[in-house]
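Protein chains in written order, with the working numbering: chain H, 480 to 1289; chain L, 59 to 228. For reference, the structure is listed below as structure tokens.
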Ligand code: FES
Ligand code: FES
């Protein structure tokens, strides 16, 4: 190898195409396809009395109108419950088009297909649906009191109730010198990728085959779901995820109603049909996340060491549970962060509400869990008058205690067992980066100028790279071009580049010769999907293993042709050569020709290879029994458990003494995702995650009124941070490789956003001197908290002054 | 039901990326849809269709405009530049090149809107400070990058422009 690829900040291979308008996103495909649009419920909870389409039939360009009654067989049955769980005793899923009843605003009721989207929307506007409104259940408190029900056959609106514990919490709390109670809440937010969802389907009547394009995070999942629903052989359905404009979780749910309806309509009509979600549809009918109320009871000793932790929380799962209870399970396990909790018990209730369903959003339950745990850490520090970083470090799981088994089951049904990490080292780096020990002096200086500043901290551990498996396939063409495919998809994470780096390094070829395809079921039909920070861990390792297989084959063939021992060969820059005698060599392209005993010289490489054609052994077949033609290889990676990445963030905020405006002055991140394939891409993931975290901490919330109308269903009203709101992010890295996989990789996709809400709350609390227990927080809310604090309705931090410098204490 | 069921088509003549084009579109057709679906210049993206995200930004006579807030017919006689007009893979514009150097994009969906916005901005302010660079892009939403590398890209693009003007780079 001339340059080292693995671990280098290589520029992305996908970028030249994307910056010149060459991206192919869902709505860029299918020119001339018919367009679908949907009549969606304007009510949060209602019975459908009548649907009258007569006024719509005269619109020129109308092709078809479908209601639930028109849906045949399995298309008309409820959508699948993808991830059942024994605790999910009352799972409910929607129909692709509502049958008799709607349970949230935005639920699809009628599908229209027309010549273009404008006309399809004209038709939608002329369709009259009569509803009989029912009492809506909005918000966790209303769901919890159970007076009104979302589904009449689900008592108390409880979809699932789960308890996990390790040790005797009652006893631990009873014996603890100190016990604190905290009530902590987080509001709903949403992924909001810049590209919404979309589906394009083509039915080929001659071959009886269906081709689907979807802006999905899992093309294999969509393919399987459509095949099952439309009763087609899997072999007759293919699904391709083209360029996808961001996902962050919302595009993993499968199938979305439209992913069934559009292919079904394409097959029924024998024409291409496309649906491109608009922004309002995305707000009201694509998934949200985050809404949870938490009650924490913690017992600790005089040094701030945890003895017992008892957490109860209520999770708002929206109107349906097609994706199971992954989010609350993650909260209940991952809130433990880098700490030893003593005895631990967590109990949650997952509740139905008449609002759009909930599936994982980047971080997936962890931002809430981290908020609960980190607020608790701050509370302990405050109560005892100790330094907040010190209390954390006293509770850390130490490197020599790894692997650490929490005695709980993680989201994948496997043990919650940390594989590696060095939390004290991470904390030391963070303290140095933010200048933890100098902050008191900085605060004093600011105070002297009449400014209010605060320092916040947050630590997390993130289970990444969950199984079950991913695959990699490598094929080397006679030109030397290396085709790599893996089944999981890409939504901007730079997989074309990271995976190419792995192959370039493992195989010894220039990265320019490596071409990666993701998310195309024609190229790799076995795959799971891109979520849970699993792509680099799962596909990265699968691709490395596949590359090693191909390399072994290439060396075997070259060794034969060059008449040398395999051990004496190496591959440098795409050429197989004898170590120490680079004169004896052949290109990988030539090896590829030799791997396939054809008699035709298609190209120069094939002609060149003739010089290596030895004498044929006529007693053997051209392809040996234990061999295959072609320079190809495939492998899968399937781990026994998730790998656990970690990180710590700190921020300095300033709150305006008059307006209560909140400004982030500094934001520091220390991040450990094991071995990094491309540090530039990892940093980019961290930046993006922090920006989403800042949104979650200060701006983003889903404002439902009590009738279940989403009042801020536009970018005008749902505030996402612009460049003006996201601080400059200072980063430092630690690399503690995972012992679980050959490359030592841990996932990095979600980390950035996990602790931000906790960190900003911590910093605001530190600036203001009273507890912050509910996020996101707006200036108005902070202003009101100040007023309540001034009226004595909100306590001051107990020992707020204790860890300030003596001058400040006056 | 007073709207017409068949739409009247209007003639439009405009220049797109330096090429004179003639086309027809109904009065209500958005410029974004016209560019994307009628002219098949799909590089311009639609993120919100209500003028907030900036993904659909194109240059109209050199000035950045949100093509989701314009009707195609109002582009009559104007010169439009889309991302396809800023450069090619072989000959990238300075802003395009800067984005590839600075990891200024992830999914790339918001990117065309940033590229057009920044291209126009650097015409006006060829030597922005970091603070000015941040301000210049603060009308465009990106959900992936956290903006830091986009700010970097603005500064790098300004540098590339200077290098190219001085002939120190192709
Ligand atoms: S699509 Fe035009 S501003 Fe968002
Ligand atoms: S790069 Fe994905 S939205 Fe900006």
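Cβ atoms here follow ideal geometry from the backbone N, Cα and C, with glycine treated the same way.
Kindly identify the DSSP beta-bridge partner or partners of residue 1049/H.
-> Indexing the first chain from 1 puts residue 1049/H at position 570. For residue 1049/H, DSSP records a beta bridge to 1056/H.
Is DSSP giving residue 743/H helix, strand or coil here?
-> Residue numbering aside, residue 743/H sits at position 264 when the first chain is read from its first letter. Of the three classes helix, strand and coil, the one that applies to residue 743/H here is helix, per DSSP.
Can you list the beta strand (DSSP E) stretches of 3 or more residues lying completely in the stretch 722-795 of chain H, in chain order?
-> If we require 3 residues or more, the beta strand (DSSP E) runs fully inside the stretch 722-795 of chain H come out as 752-755 and 771-779.
What does DSSP give as the partner residues of residue 931/H in its beta bridges?
-> As a first step, residue 931/H is located in the first chain; it is residue number 452 there, counting from the start. Residue 931/H pairs with 1134/H.
Reference residue 486/H; option with closest CA among 786/H, 590/H, 985/H and 1168/H | On the first chain, residue 486/H is found 7 positions in, with the first residue counted as 1. For the set 786/H, 590/H, 985/H and 1168/H, the Cα lying nearest the Cα of residue 486/H is the one of 985/H.
How would you write the range of the alpha helix (DSSP H) that residue 686/H sits in, first residue to last?
-> Sequence index remark: in the first chain, residue 686/H carries index 207 (1-based). Unbroken run through residue 686/H: none, as it is neither H nor E.
Listed by chain order, chain L residues near residue 499/H by CB distance under 8 angstroms = One-based indexing of the first chain puts residue 499/H at position 20. Contact note: residue 499/H reaches chain L through 101, 141, 142, 144, 145, 146, 147, 150 and 154, using a C-beta cutoff of 8 angstroms and chain order.
Any Cβ of chain L within less than 8 angstroms of the Cβ of residue 1269/H?
-> Taking the first chain and counting its residues from 1, one reaches residue 1269/H at position 790. Contacts with chain L at 8 angstroms (Cβ-Cβ) do not include residue 1269/H.
Can you give the Cα-Cα distance for residue 815/H and residue 849/H, rounded to whole angstroms?
-> For the purposes of this step, residue 815/H is taken as the residue at position 336 of the first chain. For the purposes of this step, residue 849/H is taken as the residue at position 370 of the first chain. Cα atoms of residue 815/H and residue 849/H: separation of roughly 8 angstroms, rounded to the nearest angstrom.
Terminal residues of the continuous beta strand (DSSP E) containing residue 952/H?
-> Looking up residue 952/H in the first chain gives position 473. Where residue 952/H is concerned, the enclosing beta strand (DSSP E) starts and stops at 949-955.
Residue 898/H, DSSP secondary structure in three states = Walking along the first chain from the start, residue 898/H turns up at place 419. In the three-state scheme derived from DSSP, where H, G and I count as helix and E and B as strand, residue 898/H is classed as coil.
If you measure from the CB of residue 116/L, is any heavy atom of ligand 1 nearer than 7 angstroms?
-> Residue mapping note: residue 116/L aligns to position 58 of the second chain, counting from 1. No, Cβ of residue 116/L sits at least 7 angstroms from all heavy atoms of ligand 1.
Mind checking residue 1240/H: buried by the 16 CB within 10 Å criterion, or exposed?
-> On the first chain, position 761 is the one that residue 1240/H refers to. Under a 10 Å Cβ-count criterion, residue 1240/H is classified as buried, with 16 or more other Cβ atoms of the shown protein chains found around its own Cβ.
Please state whether DSSP places residue 1287/H in a helix, a strand or coil.
-> Residue 1287/H sits at position 808 when you count from the first residue of the first chain. For residue 1287/H, the pLDDT reaches just 38, beneath the cut-off of 50, and the residue's location in the model is therefore unreliable, leaving the point undetermined.
Closer than 6 angstroms: residues whose CB approaches a heavy atom of ligand 1 | The set of residues with a C-beta under 6 angstroms from any non-hydrogen atom of ligand 1 comprises 104/L, 105/L, 106/L, 107/L, 109/L, 110/L, 111/L, 112/L, 113/L, 114/L, 124/L and 126/L, given in chain order.
Buried versus exposed, by CB contacts within 10 Å (16 or more), residue 1195/H = The sequence position of residue 1195/H within the first chain is 716, counting from 1. Taking all protein chains in view, the Cβ of residue 1195/H is surrounded by fewer than 16 other Cβ atoms within 10 Å, so the residue is classified as exposed.
List in chain order: all unbroken alpha helix (DSSP H) runs of 4+ residues lying wholly within the stretch 1192-1275 of chain H.
-> The alpha helix (DSSP H) runs of length 4 or more contained entirely in the stretch 1192-1275 of chain H are, from start to end of the chain, 1235-1247 and 1258-1269.
Residue 158/L beta carbon less than 8 angstroms from that of residue 498/H = Along the first chain, read from residue 1 onward, the residue named residue 498/H stands at position 19. Along the second chain, read from residue 1 onward, the residue named residue 158/L stands at position 100. Yes, they are a contact pair.
Cβ shell of residue 1003/H (< 7 angstroms), same chain only, five flanking positions each side left out | The sequence position of residue 1003/H within the first chain is 524, counting from 1. If we look at residue 1003/H and ignore the five residues flanking it on each side, its Cβ neighbours are 950, 952, 964, 965 and 966.
Relative to the alpha-carbon of residue 1224/H, which residue among 1021/H, 1111/H, 1246/H and 1030/H has its alpha-carbon at the smallest distance?
-> Translated into the one-based positions of the first chain, residue 1224/H becomes position 745. Scanning 1021/H, 1111/H, 1246/H and 1030/H for the CA closest to the CA of residue 1224/H turns up 1021/H.
Looking at the unbroken alpha helix (DSSP H) that takes in residue 154/L, where does it start and where does it end?
-> Translated into the one-based positions of the second chain, residue 154/L becomes position 96. Where residue 154/L is concerned, the enclosing alpha helix (DSSP H) stretches over 152-160.
Check the Cβ of residue 1037/H against every Cβ in chain L and list those closer than 9 angstroms, keeping chain order.
-> What you label residue 1037/H is simply residue 558 of the first chain in a count that begins at 1. Those do not exist, as residue 1037/H stays about 34 angstroms from chain L at its closest Cβ, beyond 9 angstroms.
Residue 1125/H - partner residues in DSSP beta bridges = Counted from its first residue, the first chain places residue 1125/H at position 646. DSSP lists 940/H and 1151/H as partners of residue 1125/H.
Mind checking which residues open and close the alpha helix (DSSP H) that includes residue 122/L?
-> Looking up residue 122/L in the second chain gives position 64. Note, residue 122/L: premise wrong, no alpha helix (DSSP H); beta strand (DSSP E) at 121-124.
Three-state secondary structure (DSSP) at residue 480/H?
-> Numbered from its first residue, the first chain carries residue 480/H at position 1. In this prediction, residue 480/H has a pLDDT of 41, which is less than 50 and means its spatial position is unreliable; what the coordinates show is noted afterwards. DSSP places residue 480/H in coil when its eight states are reduced to three.
Quick one: does residue 780/H have its CB under 8 angstroms from some CB of chain L?
-> As a first step, residue 780/H must be located in the first chain, where it is residue number 301. Residue-level contact check: residue 780/H does not touch chain L, since none of the beta carbons of chain L fall below 8 angstroms from its beta carbon.
Can you say whether residue 1269/H is buried or exposed, counting buried as having 16 or more other CB atoms within 10 angstroms of its CB?
-> Reading the first chain from its first residue, position 790 is the one you call residue 1269/H. By the Cβ-count criterion, residue 1269/H is exposed, with fewer than 16 other Cβ atoms from all chains shown falling within 10 Å of its own Cβ.
Can you tell which of 1044/H, 1110/H, 1144/H and 1192/H has the C-alpha that lies nearest to the C-alpha of residue 1066/H?
-> Reading the first chain from its first residue, position 587 is the one you call residue 1066/H. Its Cα nearest to that of residue 1066/H, the residue 1110/H stands out among 1044/H, 1110/H, 1144/H and 1192/H.
Quick one: which chain L residues come within Cβ less than 9 angstroms of residue 1071/H?
-> The residue labelled residue 1071/H in the question sits at position 592 within the first chain. What residue 1071/H touches in chain L: nothing, since even the nearest Cβ is about 27 angstroms away.
I think residue 801/H touches residue 560/H, with their Cβ atoms under 8 angstroms apart; what is that distance to the nearest whole Å?
-> If you number the first chain from 1, residue 801/H lands on position 322. If you number the first chain from 1, residue 560/H lands on position 81. Right, the Cβ-Cβ distance comes to about 6 angstroms (below 8 angstroms), so this counts as a contact.
Any idea if residue 189/L is buried or exposed, counting beta-carbon neighbours within 10 angstroms, 16 or more meaning buried?
-> Reading the second chain from its first residue, position 131 is the one you call residue 189/L. For residue 189/L, the number of other beta carbons within 10 angstroms of its own is below 16, and it is reported as exposed.
At a Cβ threshold of 8 angstroms, is residue 484/H touching chain L?
-> Along the first chain, read from residue 1 onward, the residue named residue 484/H stands at position 5. Closer than 8 angstroms to the CB of residue 484/H there is not a single CB belonging to chain L.
Straight-line CA distance for residue 88/L to residue 733/H?
-> Within the second chain, residue 88/L is the residue found at index 30, counting from 1. Within the first chain, residue 733/H is the residue found at index 254, counting from 1. Here the C-alpha atom of residue 88/L lies approximately 32 angstroms from the C-alpha atom of residue 733/H.
Per DSSP, residue 1145/H is paired with what?
-> For the purposes of this step, residue 1145/H is taken as residue 666 along the first chain, with counting starting at 1. Per DSSP, 1131/H.
Hey, how far is the Cα of residue 163/L from the Cα of residue 571/H?
-> Taking the first residue of the second chain as 1, we reach residue 163/L at position 105. Taking the first residue of the first chain as 1, we reach residue 571/H at position 92. Cα to Cα, residue 163/L sits roughly 39 angstroms from residue 571/H.
How about residue 1197/H: is its Cβ closer than 7 angstroms to a heavy atom in ligand 2?
-> On the first chain, residue 1197/H is found 718 positions in, with the first residue counted as 1. The answer is no for residue 1197/H.
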